[in-house]
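Under numbering that gives the first Met the number 0, the first residue of the sequence shown carries the number 0, and numbering increases by one thereafter. Following: one structure in C-alpha coordinates, then a few remarks.
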Amino acid sequence: MIRAHPLVGVGVGNWSVVYPAYASGGDPSVAPSAYFPGPQVPHNDILALIAEVGLIGSMGVLGGCLALLLAAVRRRSADDPRVRASGVLIVGTLSTALLIGALDSVLRVAPTLLVCAMVLGLAFGESAAPEGPAPVAWPPSGRWGWRALWGGCLGLSLLGALHITQDIRAFRIIGSLRSLGDLERAVAVAPNNMEARALIAYLLVTAGRCDVAAPHIARAAALQPYAGFVIGLEKHCGVPRTAAARP
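Shown next as C-alpha coordinates:
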(Lines of atoms letter the chains of each structure in order from A; the text may use other names.)
(Lines give C-alpha, C1' and ligand atoms only; values in the text may rest on other atoms or scores of the structure.)
Protein backbone atom coordinates (compact mmCIF):
# COMPACT_ATOMS: atom_id res chain seq x y z
CA MET A 0 0.00 0.00 0.00
CA ILE A 1 2.85 2.40 0.81
CA ARG A 2 4.65 1.53 -2.42
CA ALA A 3 1.49 2.21 -4.44
CA HIS A 4 0.66 5.53 -2.69
CA PRO A 5 3.90 6.80 -1.09
CA LEU A 6 3.26 10.53 -0.75
CA VAL A 7 -0.39 10.99 0.25
CA GLY A 8 -1.40 7.41 1.16
CA VAL A 9 -4.75 5.79 0.46
CA GLY A 10 -6.58 8.43 2.50
CA VAL A 11 -7.77 8.60 6.09
CA GLY A 12 -10.56 6.07 6.62
CA ASN A 13 -9.82 4.16 3.40
CA TRP A 14 -7.78 1.42 5.08
CA SER A 15 -10.76 -0.93 5.39
CA VAL A 16 -11.67 -0.35 1.73
CA VAL A 17 -8.22 -0.89 0.20
CA TYR A 18 -6.61 -3.40 2.57
CA PRO A 19 -8.35 -6.55 1.20
CA ALA A 20 -6.67 -5.98 -2.17
CA TYR A 21 -3.24 -6.33 -0.53
CA ALA A 22 -4.02 -8.92 2.17
CA SER A 23 -2.44 -12.36 1.86
CA GLY A 24 -4.61 -15.42 1.43
CA GLY A 25 -6.18 -16.65 4.65
CA ASP A 26 -5.74 -13.34 6.47
CA PRO A 27 -8.02 -13.72 9.54
CA SER A 28 -8.83 -9.98 9.59
CA VAL A 29 -10.49 -10.16 6.15
CA ALA A 30 -14.03 -11.50 5.60
CA PRO A 31 -14.31 -11.71 1.79
CA SER A 32 -18.07 -12.37 1.68
CA ALA A 33 -19.05 -9.49 4.00
CA TYR A 34 -20.35 -6.06 3.02
CA PHE A 35 -17.20 -4.60 4.62
CA PRO A 36 -14.51 -7.25 4.14
CA GLY A 37 -11.57 -5.36 5.59
CA PRO A 38 -10.77 -4.47 9.22
CA GLN A 39 -12.59 -1.25 10.05
CA VAL A 40 -9.69 0.30 11.96
CA PRO A 41 -5.98 -0.31 11.29
CA HIS A 42 -3.37 -0.77 13.98
CA ASN A 43 -1.53 2.29 15.23
CA ASP A 44 1.91 1.23 14.03
CA ILE A 45 3.97 3.54 11.85
CA LEU A 46 3.42 1.47 8.69
CA ALA A 47 -0.38 1.74 8.97
CA LEU A 48 -0.07 5.50 9.52
CA ILE A 49 2.10 5.96 6.43
CA ALA A 50 -0.22 3.73 4.39
CA GLU A 51 -3.21 5.94 5.25
CA VAL A 52 -1.76 9.47 5.21
CA GLY A 53 1.45 8.96 3.22
CA LEU A 54 4.91 10.30 3.93
CA ILE A 55 3.73 13.92 3.80
CA GLY A 56 0.96 13.37 6.35
CA SER A 57 3.21 11.27 8.60
CA MET A 58 5.82 14.03 8.71
CA GLY A 59 3.05 16.46 9.62
CA VAL A 60 1.88 14.23 12.49
CA LEU A 61 5.47 13.82 13.73
CA GLY A 62 6.09 17.56 13.49
CA GLY A 63 2.90 18.30 15.41
CA CYS A 64 3.86 15.92 18.24
CA LEU A 65 7.35 17.44 18.46
CA ALA A 66 5.88 20.96 18.56
CA LEU A 67 3.62 19.94 21.44
CA LEU A 68 6.54 18.44 23.35
CA LEU A 69 8.67 21.55 22.83
CA ALA A 70 5.79 23.73 24.06
CA ALA A 71 5.49 21.54 27.16
CA VAL A 72 9.23 21.82 27.87
CA ARG A 73 9.08 25.62 27.63
CA ARG A 74 6.22 25.69 30.13
CA ARG A 75 8.31 23.82 32.71
CA SER A 76 10.50 26.92 33.14
CA ALA A 77 7.61 29.37 33.68
CA ASP A 78 7.13 31.24 36.97
CA ASP A 79 3.41 30.52 37.20
CA PRO A 80 2.84 27.07 38.78
CA ARG A 81 -0.31 26.59 36.73
CA VAL A 82 1.68 27.03 33.52
CA ARG A 83 4.27 24.51 34.74
CA ALA A 84 1.49 22.07 35.58
CA SER A 85 0.04 22.52 32.10
CA GLY A 86 3.38 21.38 30.68
CA VAL A 87 3.20 18.20 32.75
CA LEU A 88 -0.39 17.68 31.57
CA ILE A 89 0.65 17.99 27.91
CA VAL A 90 3.45 15.45 28.29
CA GLY A 91 1.20 13.11 30.26
CA THR A 92 -1.57 13.31 27.68
CA LEU A 93 0.76 12.59 24.76
CA SER A 94 2.51 9.75 26.61
CA THR A 95 -0.77 8.13 27.63
CA ALA A 96 -2.19 8.42 24.12
CA LEU A 97 0.92 6.85 22.58
CA LEU A 98 1.01 4.06 25.17
CA ILE A 99 -2.66 3.15 24.76
CA GLY A 100 -2.38 3.55 21.00
CA ALA A 101 0.45 1.02 20.90
CA LEU A 102 -1.86 -1.58 22.47
CA ASP A 103 -5.14 -0.80 20.73
CA SER A 104 -6.54 1.29 17.89
CA VAL A 105 -8.32 3.75 20.17
CA LEU A 106 -6.56 6.74 18.59
CA ARG A 107 -8.44 6.02 15.36
CA VAL A 108 -11.88 6.70 16.82
CA ALA A 109 -13.51 10.10 17.28
CA PRO A 110 -14.24 9.99 21.07
CA THR A 111 -10.57 9.40 21.97
CA LEU A 112 -9.36 12.15 19.66
CA LEU A 113 -11.99 14.53 21.06
CA VAL A 114 -10.87 13.88 24.66
CA CYS A 115 -7.20 14.38 23.74
CA ALA A 116 -7.99 17.61 21.90
CA MET A 117 -10.03 18.97 24.82
CA VAL A 118 -7.34 18.12 27.41
CA LEU A 119 -4.56 19.65 25.30
CA GLY A 120 -6.69 22.72 24.61
CA LEU A 121 -7.31 23.23 28.34
CA ALA A 122 -3.60 22.76 29.04
CA PHE A 123 -2.61 25.43 26.53
CA GLY A 124 -5.37 27.67 27.86
CA GLU A 125 -3.58 27.96 31.22
CA SER A 126 -0.88 30.06 29.55
CA ALA A 127 -3.17 31.95 27.20
CA ALA A 128 -2.98 35.18 29.24
CA PRO A 129 -0.16 37.34 27.82
CA GLU A 130 2.83 38.07 30.03
CA GLY A 131 4.84 41.26 29.62
CA PRO A 132 4.16 43.66 26.74
CA ALA A 133 0.88 43.42 24.90
CA PRO A 134 1.10 41.26 21.79
CA VAL A 135 1.23 42.90 18.37
CA ALA A 136 -2.17 42.92 16.66
CA TRP A 137 -2.62 40.68 13.66
CA PRO A 138 -2.66 42.47 10.30
CA PRO A 139 -5.97 42.32 8.41
CA SER A 140 -4.59 39.72 6.00
CA GLY A 141 -3.65 37.45 8.90
CA ARG A 142 -7.08 37.78 10.48
CA TRP A 143 -8.76 36.88 7.21
CA GLY A 144 -6.48 33.86 6.89
CA TRP A 145 -7.54 32.57 10.29
CA ARG A 146 -11.18 33.25 9.50
CA ALA A 147 -10.83 31.28 6.27
CA LEU A 148 -9.22 28.40 8.19
CA TRP A 149 -11.98 28.31 10.80
CA GLY A 150 -14.62 28.64 8.10
CA GLY A 151 -13.15 25.66 6.25
CA CYS A 152 -13.11 23.56 9.43
CA LEU A 153 -16.71 24.54 10.15
CA GLY A 154 -17.76 23.65 6.61
CA LEU A 155 -16.11 20.22 6.80
CA SER A 156 -17.73 19.57 10.16
CA LEU A 157 -21.17 20.46 8.84
CA LEU A 158 -20.61 18.27 5.78
CA GLY A 159 -19.63 15.34 7.99
CA ALA A 160 -22.68 15.90 10.20
CA LEU A 161 -24.89 15.92 7.09
CA HIS A 162 -23.53 12.55 5.93
CA ILE A 163 -24.01 11.05 9.38
CA THR A 164 -27.60 12.31 9.49
CA GLN A 165 -28.27 10.83 6.05
CA ASP A 166 -26.90 7.44 7.11
CA ILE A 167 -29.02 7.43 10.28
CA ARG A 168 -32.15 8.17 8.27
CA ALA A 169 -31.27 5.44 5.76
CA PHE A 170 -30.71 2.88 8.54
CA ARG A 171 -34.09 3.74 10.06
CA ILE A 172 -35.76 3.17 6.71
CA ILE A 173 -33.94 -0.15 6.23
CA GLY A 174 -34.92 -1.24 9.74
CA SER A 175 -38.64 -0.93 8.88
CA LEU A 176 -38.75 -2.05 5.24
CA ARG A 177 -42.15 -2.73 3.74
CA SER A 178 -41.42 -2.58 0.01
CA LEU A 179 -38.74 -2.03 -2.58
CA GLY A 180 -39.87 1.58 -2.71
CA ASP A 181 -38.62 2.02 0.85
CA LEU A 182 -35.17 0.87 -0.24
CA GLU A 183 -35.23 3.30 -3.14
CA ARG A 184 -36.08 6.04 -0.66
CA ALA A 185 -33.16 4.97 1.56
CA VAL A 186 -30.80 5.19 -1.42
CA ALA A 187 -32.18 8.61 -2.32
CA VAL A 188 -31.65 9.81 1.27
CA ALA A 189 -28.08 8.44 1.54
CA PRO A 190 -26.62 7.77 -1.93
CA ASN A 191 -23.33 6.52 -0.44
CA ASN A 192 -24.87 4.10 2.06
CA MET A 193 -23.29 0.74 1.24
CA GLU A 194 -25.96 -1.38 2.96
CA ALA A 195 -28.83 0.26 1.09
CA ARG A 196 -27.06 0.01 -2.27
CA ALA A 197 -26.09 -3.64 -1.85
CA LEU A 198 -29.50 -4.70 -0.51
CA ILE A 199 -31.51 -3.04 -3.28
CA ALA A 200 -29.12 -4.51 -5.86
CA TYR A 201 -29.55 -7.98 -4.38
CA LEU A 202 -33.37 -7.75 -4.39
CA LEU A 203 -33.40 -6.53 -7.99
CA VAL A 204 -31.04 -9.33 -9.07
CA THR A 205 -33.23 -11.87 -7.27
CA ALA A 206 -36.20 -10.50 -9.21
CA GLY A 207 -34.28 -10.96 -12.47
CA ARG A 208 -33.85 -7.22 -13.12
CA CYS A 209 -30.10 -6.95 -13.68
CA ASP A 210 -30.74 -4.01 -15.99
CA VAL A 211 -32.18 -1.98 -13.11
CA ALA A 212 -29.70 -3.36 -10.57
CA ALA A 213 -26.58 -2.51 -12.62
CA PRO A 214 -26.22 1.15 -11.47
CA HIS A 215 -26.64 0.12 -7.82
CA ILE A 216 -24.08 -2.68 -8.22
CA ALA A 217 -21.60 -0.29 -9.82
CA ARG A 218 -22.06 2.23 -7.02
CA ALA A 219 -21.68 -0.46 -4.34
CA ALA A 220 -18.49 -1.65 -6.06
CA ALA A 221 -17.12 1.89 -5.99
CA LEU A 222 -17.80 2.08 -2.23
CA GLN A 223 -16.49 -1.39 -1.36
CA PRO A 224 -14.63 -2.72 -4.41
CA TYR A 225 -13.34 -5.93 -2.78
CA ALA A 226 -16.52 -7.12 -1.03
CA GLY A 227 -17.23 -10.68 -2.16
CA PHE A 228 -20.97 -10.05 -1.99
CA VAL A 229 -20.73 -7.21 -4.51
CA ILE A 230 -18.29 -9.10 -6.73
CA GLY A 231 -20.79 -11.98 -6.89
CA LEU A 232 -23.54 -9.60 -8.03
CA GLU A 233 -21.23 -8.14 -10.67
CA LYS A 234 -20.41 -11.56 -12.09
CA HIS A 235 -24.06 -12.65 -12.05
CA CYS A 236 -25.22 -9.61 -14.02
CA GLY A 237 -22.09 -9.14 -16.10
CA VAL A 238 -21.42 -5.68 -14.73
CA PRO A 239 -17.83 -4.60 -15.58
CA ARG A 240 -15.52 -3.61 -12.79
CA THR A 241 -15.24 0.15 -12.34
CA ALA A 242 -11.89 1.91 -12.21
CA ALA A 243 -12.26 2.26 -8.42
CA ALA A 244 -12.77 -1.50 -8.08
CA ARG A 245 -9.64 -2.60 -9.93
CA PRO A 246 -6.61 -3.62 -7.76
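The beta carbon of each residue, even a glycine, is placed where N, CA and C say it ideally should be.
Among Gly-120, Ile-55 and Asp-210, the one whose alpha carbon lies nearest that of Ser-85:
Taking each of Gly-120, Ile-55 and Asp-210 in turn and checking the Cα distance to Ser-85, the smallest one comes out for Gly-120.
Here's the rule: buried if 16 or more other CB atoms are within 10 angstroms of the residue's CB, otherwise exposed. What is Met-247?
With the chain running from 0 to 246 in the structure shown, residue 247 is simply not present.
Rounded straight-line distance, which links the Cα of Thr-111 to that of Ile-99
Take the alpha-carbon of Ile-99 and the one of Thr-111: they are about 10 Å apart.
With DSSP run on the structure shown, which of helix, strand or coil describes Ser-104?
Coil at Ser-104, not helix or strand.
Which of helix, strand or coil DSSP assigns to Leu-176:
Residue state, collapsed to three classes: coil.
Could you tell me the alpha carbon to alpha carbon distance between Ile-1 and Asn-13, rounded to whole angstroms?
Going from the Cα of Ile-1 to the Cα of Asn-13 covers about 13 Å.
What would DSSP say about Tyr-34, mapped onto helix, strand or coil?
Here DSSP, grouped into helix, strand and coil, assigns Tyr-34 to coil.
Roughly how many whole angstroms lie between the Cα atoms of Trp-145 and Gly-151?
Going by the C-alpha atoms only, they are around 10 Å apart.
Among the residues of its own chain, which have a CB less than 7 Å from the CB of Ala-219, if the five just before and after it don't count?
By the criterion of a C-beta distance shorter than 7 Å, Ala-219 is surrounded in its chain by Met-193, Arg-196, Ala-197, Ala-200 and Val-229, once the five residues flanking it on both sides are discounted.
State the Cα-Cα distance for the pair Asp-44 and Ser-178, rounded to the nearest angstrom.
Looking at the two C-alpha atoms, the distance is approximately 46 Å.
Nearest-angstrom Cα distance between Leu-6 and Ala-50?
About 9 Å.
Start-end ranges of the alpha helix (DSSP H) lying completely within the segment 188-222, minimum 4 residues:
Those alpha helix (DSSP H) runs which fall completely within the segment 188-222 and span 4+ residues are 193-205 and 209-222.
In angstroms, rounded to a whole number, what distance separates the CA positions of Arg-81 and Val-87?
Approximately 10 Å between the Cα atoms of the pair.
Please state whether DSSP places Asp-181 in a helix, a strand or coil.
In the structure shown, Asp-181 falls within a helical segment according to DSSP collapsed to helix, strand and coil.
Does the segment 13-26 touch the segment 203-221, meaning 3 or more C-beta pairs lie closer than 8 Å?
Note that the segment 203-221 does not touch the segment 13-26; fewer than 3 beta-carbon pairs, one per stretch, sit closer than 8 Å.
Val-118 versus Glu-183 - alpha carbon distance
Roughly 44 Å between the two C-alpha positions.
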